[in-house]
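Remember, the working numbering sits 1 above the position in the sequence shown when you count from 1. Note that the Cβ used here is the ideal one computed from N, Cα and C, for glycine as well.
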Amino acid sequence: MAKTGSKPPRDWSRGKIIFAGVLFASALMGLWARAYHVQVVKGPEYAKMANRQYWASETVSGKRGEIFDRNGLLLAKSIASPSVYVRPNEVGDVWAVSQRLGKILGLNPGDVAGQLKTKKRFVWVARKISDAQASAVREEALPGVYLEAENSRQYPQGHMAGQLLGFVNMDGKGIEGLEKAFNDHLAPSSTKYTVQRDAAGNRLSSIDGEDRASFDGQNLRLTIDSQVQLATEDALARSVARAKGKTGMALVVDVPTGDILAWVHYPLFNPNSVQKVSGEWKNRIAVDIFEPGSTMKPVMVAAALQEKVCQPSTKYYCENGKWSVKGRRIKDTHKYENLTVNEIVRYSSNIGSAKIGLAMGAEKYSRYLQALGFGRPVGLPLAGESAGLLR
2 MAKTGSKPPR DWSRGKIIFA GVLFASALMG LWARAYHVQV VKGPEYAKMA NRQYWASETV
62 SGKRGEIFDR NGLLLAKSIA SPSVYVRPNE VGDVWAVSQR LGKILGLNPG DVAGQLKTKK
122 RFVWVARKIS DAQASAVREE ALPGVYLEAE NSRQYPQGHM AGQLLGFVNM DGKGIEGLEK
182 AFNDHLAPSS TKYTVQRDAA GNRLSSIDGE DRASFDGQNL RLTIDSQVQL ATEDALARSV
242 ARAKGKTGMA LVVDVPTGDI LAWVHYPLFN PNSVQKVSGE WKNRIAVDIF EPGSTMKPVM
302 VAAALQEKVC QPSTKYYCEN GKWSVKGRRI KDTHKYENLT VNEIVRYSSN IGSAKIGLAM
362 GAEKYSRYLQ ALGFGRPVGL PLAGESAGLL R
């Protein structure tokens with residue numbers, strides 16, 4: 002028999018539904034608020050961050066022009082060399098990355114760490130490294146560390162015409178010799194373009210080789226003949242050794258055309274090893290002032306003959322090898338008595354030449370020297386060409 006006056010059980014299902022609905026609505030509102038914050042409030046900032054990560058502006062350059070001798074022998078060229086750079090804000094564990102890079106590249110890890118702690122967005126760590134080092138860096142896949150191909154200058158013939166060719170700096174700009182004189186002619190052009198990268202920072206797109214070639218610098222062909230150049234280098238080296246000298250210079254010119262066939266300095270200089278030499282790269286033929294010595298005797302005699310001061314058969318007494326004039330003592334290497342003008346040139350007599358010069362007079366001789374271009378630059382396309390002295 003049922004009891005009277007007892008309460009019926011409470012139904013909680015409606016409350017649960019209401020609670021669940023409120024909880025769901027709150028979560029939905031939270032997600033909506035978060036989406037609004039991300040897409041509207043922070044949207045432009047996040048879009049910029051994404052663009053920085055996946056898109057980058059890069060500069061593409063062509064290759065520097067090549068240099069050839071008169072017969073087409075390659076004297077200077079550019080090749081692609083790998084370089085390492087970092088984006089410090091992507092590195093993470095600076096010390097760990099510095100240790101790995103230092104070991105691969107032969108650098109002090111502390112120095113590398115100092116580079117990585119900069120606030121700059123881009124830092125070179127090592128430029129124009131070996132292919133083996135580049136492979137090791139690539140295998141490590143270190144965060145924030147990237148490889149970039151740069152143009153590196155090579156001189157296939159080594160020391161041949163080294164001082165004349167000159168060399169370029171780390172950025173490929175000519176700073177000595179013909180590399181400097183014709184830098185604008187040889188230098189490549191460049192342009193900026195946008196490249197897409199993946200999440201690891203690797204380039205997904207690149208400019209093709211044909212387009213790159215359109216930015217290449219112009220080639221340069223010289224009047225130098227490599228065979229004459231090498232023969233002259235060998236002859237000069239032997240002459241300096243025979244004379245127990247330290248330096249020497251030689252220039253070979255094709256007189257009818259004025260073409261310079263050889264341009265030689267000793268000691269020789271290899272522009273592939275510019276960091277290992279000191280002073281040998283100096284282009285002394287162009288920049289140094291030196292006394293021409295006995296090579297001027299034919300010039301002076303030619304002027305005297307033109308002025309009819311003497312004839313080839315005219316004889317001069319050469320004082321048996323010693324002569325004092327105007328407070329100066331002049332000597333010959335051998336004792337000569339009477340020499341004709343032809344013999345004075347042939348035997349390189351200082352006394353005979355001095356007597357011809359005195360007979361002609363300084364004013365007339367000076368006019369001839371100026372007319373022949375002595376005392377002013379000849380217009381070589383080389384920086385620092387000396388004008389010489391005429392007095």
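Would a C-beta distance cut-off of 8 Å place residue i and residue j closer than the cut-off?
i: Ala-384; j: Lys-181; result: yes
i: Asp-132; j: Pro-83; result: yes
i: Asn-343; j: Gln-155; result: no
i: Val-85; j: Ala-142; result: no
i: Cys-319; j: Ala-360; result: no
i: Val-300; j: Leu-373; result: yes
i: Leu-269; j: Glu-292; result: no
i: Leu-262; j: Thr-224; result: yes
i: Val-95; j: Leu-117; result: yes
i: Tyr-366; j: Gly-358; result: yes
i: Ser-349; j: Ser-314; result: no
i: Gln-162; j: Leu-76; result: Reading off the sequence shown, one finds Ala at residue 162, where the question assumed Gln. In this structure, Leu-76 lies closer than 8 Å to Ala-162 by Cβ.
i: Phe-183; j: Trp-282; result: no
Any idea what DSSP makes of residue i, helix, strand or coil?
i: Tyr-369; result: helix
i: Leu-102; result: helix
i: Lys-247; result: coil
i: Thr-233; result: helix
i: Lys-323; result: strand
i: His-335; result: coil
i: Trp-125; result: strand
i: Leu-187; result: helix
i: Trp-282; result: coil
i: Val-379; result: coil
i: Leu-340; result: strand
i: Val-241; result: helix
i: Lys-316; result: strand
i: Ala-81; result: strand
i: Arg-347; result: helix
i: Leu-117; result: helix
i: Ser-62; result: strand
i: Val-92; result: coil
Quick one: using the 10 Å Cβ neighbour count with 16 as the cut-off for buried, is residue i buried or exposed?
i: His-160; result: buried
i: Ser-99; result: buried
i: Ser-227; result: buried
i: Asn-152; result: buried
i: Asn-284; result: buried
i: Asp-70; result: buried
i: Glu-177; result: buried
i: Ile-345; result: buried
Can you find the residues in the same chain that come closer than 6 Å, C-beta to C-beta, to residue i, ignoring five residues on each side of it along the sequence?
i: Gly-218; result: Arg-65, Gly-66, Leu-187, Ala-188 and Pro-189
i: Gly-93; result: Pro-144
i: Leu-237; result: Gly-249, Ala-251, Val-265 and Tyr-267
i: Ile-68; result: Leu-76, Ala-77 and Leu-221
i: Phe-375; result: Leu-391
In chain order, what residues of the same chain have a beta carbon less than 8 Å from the beta carbon of residue i, not counting five sequence neighbours either side?
i: Tyr-147; result: Val-85, Tyr-86, Val-87, Arg-88 and Gly-202
i: Ala-150; result: Ala-81, Ser-82, Pro-83 and Ser-84
i: Met-171; result: Arg-128 and Lys-129
i: Ser-387; result: Ala-287, Val-288, Asp-289, Ile-290 and Pro-378
Starting from the C-beta of residue i, find all residues in its chain whose C-beta is less than 7 Å away, skip the five residues before and the five after it, and write them out in chain order.
i: Lys-316; result: Asn-339, Leu-340 and Thr-341
TODO: Go through the region 149-183 residue by residue and report every complete run of the alpha helix (DSSP H) that reaches 4 residues or more, in order.
DONE: 163-166 and 178-182
- [ ] Output the residue ranges of the alpha helix (DSSP H) runs that lie fully inside the region 287-311 and measure 4 residues or longer, sorted by chain position.
- [x] List check, alpha helix (DSSP H) in window: 298-307.
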